[in-house]
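Position 154 of the sequence shown, counting from 1, maps to 154 under the working numbering, and the rest follow consecutively. Backbone N, C-alpha and C define an ideal beta-carbon position, used for all residues, glycine too. The next block holds one structure in the form of structure tokens; read it before the comments.
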Amino acid sequence: MEILAWLIAGAVVTVGALLIFTVISAFGKLKNYNKTIEKALEKGDYMKAEKIALRYVDSYPEDFILKYYLGQAYEGQKNYAKAIFYYEKAALLVSVETDAHLRSQFYLRIADLYKRRQQYKEAIGYYALVLEKDPRNSKALFSAGECCFQLGLYSKAWEHLSTYVTLKPDNVRAFYLLAETCEKLGKFEEAFQNYEQIVENHATTDEVLTTKSMYRSALLAKKLQNYQKSEKYLRQLLEVDQYYEDALKELVGLLVLTERVEEAIHLVQDFEKEVSPPTRADLYFHIGNGYFKNKEYYTAIQTWKKGFQDNPSHPQLRELVNRYADILTHKGMEIYFGRDQHQFELFLEHGFPYKEIRGMYHEGHLSVLQVQETMVVLYRAPFSFKEKEIAIVENILKSRFNAAPFFTLYALYGVEGWDEVKIKEQNQIELVFGKGFIEWLEQTYDRFQKKKNE
Numbered sequence: 001m002e003i004l005a006w007l008i009a010g011a012v013v014t015v016g017a018l019l020i021f022t023v024i025s026a027f028g029k030l031k032n033y034n035k036t037i038e039k040a041l042e043k044g045d046y047m048k049a050e051k052i053a054l055r056y057v058d059s060y061p062e063d064f065i066l067k068y069y070l071g072q073a074y075e076g077q078k079n080y081a082k083a084i085f086y087y088e089k090a091a092l093l094v095s096v097e098t099d100a101h102l103r104s105q106f107y108l109r110i111a112d113l114y115k116r117r118q119q120y121k122e123a124i125g126y127y128a129l130v131l132e133k134d135p136r137n138s139k140a141l142f143s144a145g146e147c148c149f150q151l152g153l154y155s156k157a158w159e160h161l162s163t164y165v166t167l168k169p170d171n172v173r174a175f176y177l178l179a180e181t182c183e184k185l186g187k188f189e190e191a192f193q194n195y196e197q198i199v200e201n202h203a204t205t206d207e208v209l210t211t212k213s214m215y216r217s218a219l220l221a222k223k224l225q226n227y228q229k230s231e232k233y234l235r236q237l238l239e240v241d242q243y244y245e246d247a248l249k250e251l252v253g254l255l256v257l258t259e260r261v262e263e264a265i266h267l268v269q270d271f272e273k274e275v276s277p278p279t280r281a282d283l284y285f286h287i288g289n290g291y292f293k294n295k296e297y298y299t300a301i302q303t304w305k306k307g308f309q310d311n312p313s314h315p316q317l318r319e320l321v322n323r324y325a326d327i328l329t330h331k332g333m334e335i336y337f338g339r340d341q342h343q344f345e346l347f348l349e350h351g352f353p354y355k356e357i358r359g360m361y362h363e364g365h366l367s368v369l370q371v372q373e374t375m376v377v378l379y380r381a382p383f384s385f386k387e388k389e390i391a392i393v394e395n396i397l398k399s400r401f402n403a404a405p406f407f408t409l410y411a412l413y414g415v416e417g418w419d420e421v422k423i424k425e426q427n428q429i430e431l432v433f434g435k436g437f438i439e440w441l442e443q444t445y446d447r448f449q450k451k452k453n454e
């Protein structure tokens, strides 16, 4: 058949159009003007086809083939608005009762053009007309799902795509879009399953989508606390050039999260010279978090500073460096907030000149000293002392020193919630904080260093 031959040869015609004209050919012999238009379309001479069709279109208002050909001519010229206009006219001329299938094919054609023009709402309307007659039409289901996703109609997109993948279980793009839709809906377990469906069962079908799916699977597995699966995928992605930096950042963060800080440190040491400065900053951010989690506060803060030097625009690192500026710039902080307990105790011998330290006890962030008759509490955490911790101090004073609940508290960041009025009103604690704390610490450090150099 001439029409079928042209359809096969025509570069612009889709599979849907092939179905349409196979049906159209059953209507009988084409009129001569339609044959002429067909030949022009076959040669890709869309302007000629348009010119001939326009000559006859008003004279034969009931000829849906002529209008469809005119739509083809405009589509070939990428004038999609006019193509839609004539396709819609052709669809209206097709009998609803006797030619329902043909009309559905017209609707698909129109919907696809609306979709191409990113007029998703209009496209959805035509896909809905197809699905009303044929709820399992795979093309309409998938395309409607895509359009709904673009419009943020995620529940409807999920409905279409979930049905589609049962009909076409080998369509990787559909599983990926369904997984994205599930993420938008907060269905993280289902999203993970759909991404993993691609990774585990369609790895060779689409390498790009498989790799993207593996990365998304890793992130979702972490969110779902399936840390073993997350680590598995992230380690595989270390071998993929375009993903290894992102995978490395996520893996280091995961190792810190699961309290494998030393392993995370070694991993960073292996890769830190190979990655970009922004990535290295992210790695130092995670490692700093690990040190902080292990109460290695000074090391954590120094690590964050290194990251900030690599990427001064990193928002979290910038905030951390600003927050801990005093610790980074003043003498004695490394000893006070460090982990070397022996050095810290030697340091304290110079903290209270001409006074005898008669006892010392350490518990958590607290170091409690009896300096002659005065009880001194040193708070060795880089954040505010909590008022509820007063009870802990009182218990230590009573059980370890048999002392009354009055003490001098050295805390760089003061007591949480206490302002100047509160500090003056209460008479249990003499508080040394802020500038007073820094002055005391630097003087202690100078005496400590002088003694070391003698």
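Query	Result
Inter-residue CB distance, Gly414 and Gly434 (contact presumed, cutoff 8 Å)	7 Å
Ordered list of alpha helix (DSSP H) runs contained in the stretch 79-134, each at least 4 residues	80-93, 100-116, 120-133
Inter-stretch contact at 8 Å, needing at least 3 Cβ pairs: the stretch 173-193 / the stretch 219-228	yes
For Ser59, three-class secondary structure by DSSP	coil
Reference Tyr291; option with closest CA among Ile423, Thr166, Gly253, Glu389	Gly253
Sheet register partners of Ile357 (DSSP bridge)	Val371
Nonlocal neighbours in the same chain, by C-beta distance under 6 Å from Asp206, ignoring five residues either side	Val172
Cβ neighbours of Asn453 in the same chain (closer than 6 Å, five flanking residues each side left out)	none
Environment of Tyr86 [buried if 16+ CB atoms lie within 10 Å]	buried
Buried versus exposed, by CB contacts within 10 Å (16 or more), Leu167	exposed
Cβ distance (whole Å) where Val371 is taken to contact Ile396 below 8 Å	No, Val371 and Ile396 are not in contact; Cβ-Cβ is about 15 Å, not under 8 Å.
Best match in Met375, Glu420, Tyr120, Arg136 for proximity to Asn402 [C-alpha to C-alpha]	Met375
Rounded separation between Lys451 and Leu346 - CA only	10 Å
Enclosing alpha helix (DSSP H) for Glu207 [first to last residue]	207-223
Reduced DSSP category for Tyr68 - H, G, I as helix; E, B as strand; rest coil	helix
Spatial neighbours of Ala174 in its chain, beta-carbon cut-off 7 Å, leaving aside the 5 residues before and after	Phe142, Leu161, Tyr164, Val165, Lys168
Paired residues, beta bridge with His362 - DSSP	Ser367
Bridge-paired residues (DSSP) for Tyr324	In the DSSP output, where bridge partners are listed per residue, Tyr324 has none listed.
Gly338 versus Tyr298 - alpha carbon distance	5 Å
Cα-Cα separation, Arg216 to Ile357	58 Å
7 Å Cβ cutoff met for Val268 and Leu283	yes
Three-state class that DSSP yields for Lys444 in the structure shown	The sequence given here has Thr at residue 444, not Lys. Of the three classes helix, strand and coil, the one that applies to Thr444 here is helix, per DSSP.
Buried or exposed by the 16-neighbour rule on C-beta atoms within 10 Å, applied to Gly351	buried
Segments of 4+ residues assigned as alpha helix (DSSP H) that fall wholly inside the stretch 294-322	297-310
Reduced DSSP category for Tyr379 - H, G, I as helix; E, B as strand; rest coil	strand
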